[in-house]
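Trainee:
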Amino acid sequence: MNGKPLLNRVDPDAVEDFVAAVEAWNTAVSQADQMAYTSMFGEYNPGGGKDEVEKYLELSRKEVISGRDALVTIIKLADL
Numbered sequence: 209m210n211g212k213p214l215l216n217r218v219d220p221d222a223v224e225d226f227v228a229a230v231e232a233w234n235t236a237v238s239q240a241d242q243m244a245y246t247s248m249f250g251e252y253n254p255g256g257g258k259d260e261v262e263k264y265l266e267l268s269r270k271e272v273i274s275g276r277d278a279l280v281t282i283i284k285l286a287d288l
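According to the working numbering, the sequence shown holds residues 209 to 288 in order.
Here it is, written out as structure tokens:
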């Protein structure tokens, strides 16, 4: 990228979409991390068990997919 800020690579007409994709990616990463972390304690919580662990891992997986999709958008809009 030769030291250029990534936003400078984005078409000015697509800046709002780019910013929305970056925010979606940040949210997805945060949520995926939180759900994966929470899954570690699913068996120990009252009413928990293997099903709770799997539930939180599935929620984390869905967030990873959302993050991947947002990252694809970021890459396209920044013409990388």
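Cβ coordinates follow ideal geometry from the N, Cα and C atoms, glycine included.
Just so it is clear, the structure is predicted and the values come from calculations on it, not from any experiment.
1) Could you tell me the distance, in whole angstroms, from the CA atom of K270 to the CA atom of L214?
2) Can you grab the Cα-Cα spacing for the pair F249 / L267, in whole Å?
3) Cβ atoms of A286 and V237: under 8 angstroms apart, would you say?
4) Got a sec? Which residues, its chain only, sit under 8 angstroms from V272 by beta carbon, not counting five neighbours each side?
5) For G317, I'd like the list of residues in its chain whose CB is within less than 8 angstroms of its CB, leaving aside the five on either flank, ordered along the chain.
Mentor: Reading off the structure:
1) Along the sequence shown, one-based indexing puts residue 270 at 62. Along the sequence shown, one-based indexing puts residue 214 at 6. Between the alpha carbons of K270 and L214 lies a gap of roughly 27 angstroms.
2) For the purposes of this step, residue 249 is identified with residue 41 of the sequence shown, where counting begins at 1. For the purposes of this step, residue 267 is identified with residue 59 of the sequence shown, where counting begins at 1. Cα to Cα, F249 sits roughly 15 angstroms from L267.
3) Indexing the sequence shown from 1 puts residue 237 at position 29. Indexing the sequence shown from 1 puts residue 286 at position 78. Against a cut-off of 8 angstroms, the Cβ pair of A286 and V237 comes out as no contact.
4) Within the sequence shown, the letter at position 64 stands for residue 272. Correct list, in chain order: A236, A240.
5) Absent from the structure is residue 317, since the part of the chain shown begins at 209 and ends at 288.
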